[in-house]
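Here the sequence shown stands for residues 1 to 1012, numbered as in the UniProt record's numbering.
For each residue, glycine too, the CB sits at the ideal point set by N, CA and C.
Shown next, in structure tokens, is the structure this report addresses.
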Amino acid sequence: MTTKLIVAPPATGKTQACIKRIQELRANEPLASVWVVVPDRLQASAFRRRVADCEGAIGTYVGTFGDLYKNILEHSQMHVPVASSPLLHRLIQEVVDLAVEQGGLPHFSPLQRMPGFILALRESFAELKRSLIYPDQFIEFTRSGTTAQQELALLYSLYQTRLRDLNWADPEGISWLAVEALKGHPHVASSIKLLVVDGFDSLNGAQHQAVKLLSTQVSEILITFPGIIGSKRPAHRRFLEDLDKLIQELSPHHISLNNPPFLPADLLHIEQNLFESSGSVIQPAIKPILLEARSPADEAREALRWIKRLVIREGIPLSSCMIFTPNPSVYHPQLKACAEEFGIPIRFTQDEPLSESPAITALLNLLALPSKNFNTRALVNVLRCPYFDLSISSDIADQLELVSRVAQIVEGRDQWQETWDRLAPHSFEEQSDVDDERILPGLPRGAKANQLRQIMEALFNRITPPDHSCSQTEWITWLEDLLDQLQFYQNATTERDQNACEVFRETLRALVLSEVVAGERVVDYAQFFIDLQGTLEGVGQREPGVSGKPALLVGRMVEARGLRLQAVALLGLSEGLFPANEHPDPFLDEPLRAALGLDQRLQREQAGLFYQAVTRSDRHLLITRPYLSEDGEKWEESTFWKAVQRLFSKEAVETVRPDDPQPLVEAASTQELLFTAVRRQSLPQRYDFLHERWNGLRHAREVVKARRAKHPKGPHEGYVEAIAPFMEKRYSSEHTWSPSRLEYYGTCPYQFYIRTALGLEARAVPQLGLEPGQLGSMLHKILEDTYRNASDPKDIEAVLSSLEIIAGQVFSDAPRQFGFRPSTLWENEKAELLDTLRQTIQALVAETDWTPIEFEMGFGKGDYPPLIIDLGSEVLRIRGVVDRVDRNSSGQLRVIDYKSGSMHLTANDLKDGHRLQLPIYALAVRDARKLGIPVEGIYWKILGAEAGSLKLSKFKTDTNQGVDAAIEVMMAHLVRIVNGIRSAEFPSKTPRVGCPSYCPGAQWCWRFEPEY
């Protein structure tokens, strides 16, 4: 029995020495059993290829330690089934429930129902098992530890006891069984003539013990390790502890390799000098090695461009290229999107969590609805989800969303029921947009509301689970029936979705099998959903790919070892990305880890990982980093980047900026080629097949250029001559206007186009409380009826007495009449509003010389003629409602327009064309209703109990003052507004004080600036 150890720097031929030893053994013993153990499947595949190329593959088994463990168990007649991920999740949840029930988890009990807690426990248990830490040993270590550590030890013991009672093992427990088999069967592995352990830079406790026991049974063991025995280099520090342990336990024979690293000059310089504090020579770079890009997305793009360039121009096989990233969640989505654009097949070594699949995410959102009490935002998303056949059209979904928004349905079937009760039996005359204070959405009522009620009730009944506890199998049967009804699997049409659905079905089958193995688990729906959610988070989904087709591999930085490649790109060498920020383990703290012999989470030797990564390539290496953070601040280089940078001249660093011109030959996709061609303003003739797309991009460029201009002009900024004939016909001289629509254009022509011409409105998540339109309508109604029913409108006591009666009546019917759901604060809100109305009435009555004579005075409605305004070239017809008209003792008239808000009520708002109602109403009183000549007009702030600063009697221009001056300004604006609308001129215009948040275009308008 001999054990040999090869310790040498990377790329010095360690793997080749192993293959040579296999060939020598084959020459003498052709049928000898040879096992090669490598860290992962990726290295196993690479080793198999190299052995096959050297004609030594027959009889050579290449796999991981897990494969070797299973082989040992088979030969020792120990057949123990391995638990699936769903079964393990169920067992851990059960032991947590049991410990909580017995009162053994005072510290962790609040986390009992958290799916993430179960996954974290599973990871901790797996790490303990890999390090060969047994439950009794762990309990002993934690006796003097914290409560959390003692509870973790209890759960670990209960978990292992449960596995043993079932006679099952988890994947990490196979190592325990293999160690026991090696101890109990001294000859179980004696048939192996040669065991090669290659590609590792560290071994966990179970692997160390297995190798130690195998050294007494296997004829020959050959182990390779990176580094140099006795080295003091920081780059080698990561490997030394395990290397010393191997030497101490196995007393191996050292084999020296006198080969220099087989690396190109630049990479050899890095290998020999990385992290050395002195004596490093600055070497001129043969080509750029370090690349700075603006963001991780640009990093991914430049790395893929670099690889595609090598594949096409230098003939490097795509399968010999690889990208390593420090943070898959940051880089994998960017790489996937860019690789699709570049036409590069790509495959990730790390499976994507099944719960992140779009189809499964949609399914989880559906199943979460009962647990979230049918949250309205989530419910609306489900209504529009393409994965479910709910037999609900987009129009119906729009109506349901409108109802939920206006009625403030936040969650719950009861809130929907309350809303239908208000809408269904009630006859309500919709108010037109005569006044921006009283514009209410057109809610469905009567028969239409009943139809929507039936649709929602059917939906609720379909997706509401049983309200009693069921076994896991019964819950899965219910779920599968629901998915069949919704045609979920049929609607998952993409390859990625179909692959996710297949994995999901396999997971459901595993959950059913778990009840066969571990017995029934009877739970309510909430617990079933938590179990399902946690199980799916622990299940991986392999990215679909074309079988047999070479693909670019993307791995994590920790996987950058053992492989030999021709081109390697390392991403993320900025501060905080790599080396990664370190965080302590919430379960296993650093002192406990040190006592147990576990890897440290703090002060990890990430330098050794980087050293391994930069030495993976035999030809080409690219190291990238982002230089700007998400908030636009400078992103500093990491220490590893600086360690490489200081070894070379400045030519080694290349900085790529988005605005830098790129030659067409460097375009890695047709999208990039077209983008570059547009910037160069020419497309070479050989690319004529892209001419149509090129013209489209040129057009887009002109649009962007126009929108970046300081002043809007041209067809891309709202001047749409093509639709002018339609607009002229729609808004002809026969059209009757409302003041609010005219003000929309006066404030911002683009707002008029969106809100009025297109009829769009902003969609918002339902919030508790009255919407502005509902509040305004209700306050107007109360004030109108209060004054109408007062015995003497000038007597404050009479008006206040009338207010008490009218407010009570309106408040009691307000939810039904105005279509909203009162919040729990409704009683307080009513009291506050009533007090506010008392103050505003007192302030109004205090002006003793004015007596109300008209309330809600309509014109252009019913029997009353519209206001006709002569603009010279034509006349304008306007309809509306004047909130109140007062008369003083001299017979003069005053116009009052109530406002529930307090903004944009100044003289400048009239001059700018934002507020036109007062002069329009003054004309209506004089010309349409012929009540007399108004000498005053004010906006009255209901909630502020005061008049706005704009008073028509004090309004001045350079040539006039008073009401006539206001009318002149208003008429000039009307000419501009009507001509602009009919000419289809709808530029986006930012008001002087900013844009209102309620504008429908706030989410996309390129000139939107929040109101201040």
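- Message: I'd like the list of long-range same chain contacts for F348, defined as Cβ closer than 7 angstroms, with 5 residues on each side in sequence excluded.
- Response: Locating residue 348 in the sequence shown gives position 348, where the first residue counts as 1. Closer than 7 angstroms at the Cβ level, and outside the excluded window around F348, lie H332, E543 and V554.
- Item | G962 versus K956: straight-line alpha-carbon distance, rounded | If you number the sequence shown from 1, residue 962 lands on position 962. If you number the sequence shown from 1, residue 956 lands on position 956. In a straight line, the C-alpha of G962 is about 6 angstroms away from that of K956.
- Task: Give the secondary structure of W826 by DSSP, where H, G and I count as helix, E and B as strand, and everything else as coil.
- Result: In the sequence shown, residue 826 corresponds to position 826, counting from 1. The answer is helix: DSSP assigns W826 an H, G or I state.
- Query: Taking L592 as the reference, which of Q149, Q43, H79 and V37 has the closest Cα?
  - Reply: In the sequence shown, residue 592 corresponds to position 592, counting from 1. With distances taken between Cα atoms, L592 lies closest to Q149.
- Measure the C-alpha to C-alpha separation of S124 and F587 and round it to an integer number of angstroms. What you label residue 124 is simply residue 124 of the sequence shown in a count that begins at 1. What you label residue 587 is simply residue 587 of the sequence shown in a count that begins at 1. Distance between the alpha carbons of S124 and F587: 8 angstroms.
- In the segment 199 to 257, which residue ranges form an unbroken beta strand (DSSP E) of at least 3 residues, counting only runs that do not cross its ends? Assignment of beta strand (DSSP E) within the segment 199 to 257, counting only whole runs of 3 or more residues, yields 220 to 226 and 253 to 255 in chain order.
- Just reading off the beta strand (DSSP E) that P86 is part of, what are its end residues? Within the sequence shown, numbered from 1, the residue matching residue 86 stands at position 86. That residue, P86, is in no beta strand (DSSP E); its alpha helix (DSSP H) goes S85 to E101.
- Query: Which residue spans inside the segment 539 to 564 form an unbroken beta strand (DSSP E) run of at least 3?
  - Reply: For the segment 539 to 564, whole beta strand (DSSP E) runs of length 3 or above, ordered along the chain, are 552 to 556.
- Local Cβ density within 10 Å of A764, reported as buried at 16 or more and exposed below that: Within the sequence shown, the letter at position 764 stands for residue 764. With fewer than 16 other Cβ atoms within 10 Å, it is exposed.
- Query: Between the Cα of L742 and the Cα atoms of P919, I344 and E172, which residue gives the shortest distance?
  - Reply: Counting from one through the sequence shown, the residue named residue 742 turns up at place 742. The shortest Cα separation from L742 among P919, I344 and E172 belongs to P919.
- Task: For Q681, name the three-state secondary structure that DSSP assigns.
- Result: Residue 681 sits at position 681 when you count from the first residue of the sequence shown. Three-state result, Q681: coil.
- Can you grab the Cα-Cα spacing for the pair residue 1022 / R238, in whole Å? Residue 1022 falls outside the range modelled here, since the chain spans only 1 to 1012, and no answer is possible.
- Please check if any C-beta of chain C sits within less than 8 angstroms of the C-beta of Y750. Given the protein chain composition of this structure (a single chain), no chain C is represented.
- Close beta carbons around P135, own chain, < 6 angstroms, minus the five adjacent residues each side: As a position in the sequence shown, residue 135 is number 135, starting the count at 1. Around P135: Y156, S157 and Q160.
- Query: Cα-Cα, which of A526, R422, V517 and F488 is closest to D467?
  - Reply: Here the question's residue 467 lines up with position 467 in the sequence shown. Among A526, R422, V517 and F488, the Cα nearest to that of D467 belongs to A526.
- Using three-state DSSP, classify T2 as helix, strand or coil. Sequence index remark: in the sequence shown, residue 2 carries index 2 (1-based). It is a strand residue.
- Item | Residues of its chain near V380, where Cβ-Cβ distance is below 6 angstroms and the 5 sequence neighbours each way are ignored | Position 380 of the sequence shown, counted from the first residue, corresponds to residue 380. Counting only Cβ-Cβ distances below 6 angstroms, and skipping sequence neighbours, we find E401.
- Closest to W475 by CA distance: which of S320, P288, E515 and G746 is it? Along the sequence shown, read from residue 1 onward, the residue named residue 475 stands at position 475. It is E515.
- Query: Secondary structure at S320, three-state DSSP: helix, strand or coil?
  - Reply: Sequence index remark: in the sequence shown, residue 320 carries index 320 (1-based). Looking at S320 - three-state DSSP - the assignment turns out to be helix.
- Coil, strand or helix - D792 by DSSP: Sequence index remark: in the sequence shown, residue 792 carries index 792 (1-based). In this structure, D792 counts as coil in the three-state DSSP scheme.
- Excluding five sequence neighbours on each side, which residues of the same chain lie with their C-beta closer than 6 angstroms to the C-beta of H75? Here residue 75 refers to the residue found at position 75 when the sequence shown is read from its first residue. Taken in chain order, the residues that qualify are V188.
- Task: Excluding the 5 residues preceding and the 5 following R992 in the sequence, name in chain order all residues of the same chain whose CB lies nearer than 8 angstroms to its CB.
- Result: Indexing the sequence shown from 1 puts residue 992 at position 992. So the list reads N908 and D912, once near-sequence residues are dropped.
- Uninterrupted alpha helix (DSSP H) stretches inside the segment 290 to 356 (no shorter than 4 residues): 296 to 313 and 328 to 342
- Message: Cutting at 8 angstroms between CB atoms, please list the residues of its own chain near I805, excluding the five before and the five after it.
- Response: Position 805 of the sequence shown holds residue 805. Result list for I805: N789, in chain order.
- Message: For E985, which residues in the same chain have their Cβ closer than 7 angstroms to its Cβ, ignoring the five residues on either side in sequence?
- Response: Numbered from its first residue, the sequence shown carries residue 985 at position 985. Here the set comprises G718, Y719 and P749.
- Bounding residues of the alpha helix (DSSP H) (the contiguous stretch that carries I139): Numbered from its first residue, the sequence shown carries residue 139 at position 139. P135 to T142 is the extent of the alpha helix (DSSP H) around I139.
- Would you check if there are 3 or more beta carbon pairs closer than 8 angstroms linking the segment 356 to 363 to the segment 325 to 340? Output reads no: the segment 325 to 340 does not touch the segment 356 to 363.
- Task: Give the straight-line distance between the Cα atoms of D531 and P115, rounded to the nearest whole angstrom.
- Result: Stepping through the sequence shown from its first residue, residue 531 is reached at position 531. Stepping through the sequence shown from its first residue, residue 115 is reached at position 115. Rounded to the nearest angstrom, the two C-alpha atoms are 7 angstroms apart.
- Between I942 and Y898, which are expected to be in contact by the criterion C-beta below 8 angstroms, what is the C-beta distance as a whole number of angstroms? The residue you call residue 942 lines up with position 942 of the sequence shown. The residue you call residue 898 lines up with position 898 of the sequence shown. The pair is a contact, with the Cβ atoms about 5 angstroms apart (cut-off 8 angstroms).
- Task: Starting from W1006, follow the alpha helix (DSSP H) in both directions and report where the run begins and ends.
- Result: Reading the sequence shown from its first residue, position 1006 is the one you call residue 1006. Counting along the chain, W1006 falls outside any alpha helix (DSSP H), and DSSP gives it neither H nor E.
- Task: Please list, in chain order, all residues of the same chain as residue 1096 whose beta carbon is under 7 angstroms from its beta carbon, the five residues on each side excluded.
- Result: Residue 1096 falls outside the range modelled here, since the chain spans only 1 to 1012, and no answer is possible.
- Message: Please state whether the Cβ-Cβ distance between W35 and L68 is less than 8 angstroms.
- Response: Mapped onto the sequence shown, residue 35 falls at position 35. Mapped onto the sequence shown, residue 68 falls at position 68. Closer than 8 angstroms, so yes.
- When DSSP builds the beta bridges, which residues end up paired with Y898? If you number the sequence shown from 1, residue 898 lands on position 898. Y898 is bridged to W940.
- Contact under 8 angstroms by Cβ, L383 with V406: The residue labelled residue 383 in the question sits at position 383 within the sequence shown. The residue labelled residue 406 in the question sits at position 406 within the sequence shown. Not in contact: L383 and V406 (Cβ atoms no closer than 8 angstroms).
- Message: Quick check: the Cα distance between Y998 and K830, rounded to an integer number of angstroms?
- Response: As a working mapping, residue 998 is identified with position 998 in the sequence shown. As a working mapping, residue 830 is identified with position 830 in the sequence shown. Answer to the nearest angstrom: the Cα atoms are 25 angstroms apart.
- Task: Could you tell me which residues DSSP pairs with T624 in its beta bridges?
- Result: Along the sequence shown, one-based indexing puts residue 624 at 624. DSSP lists L291 as partners of T624.
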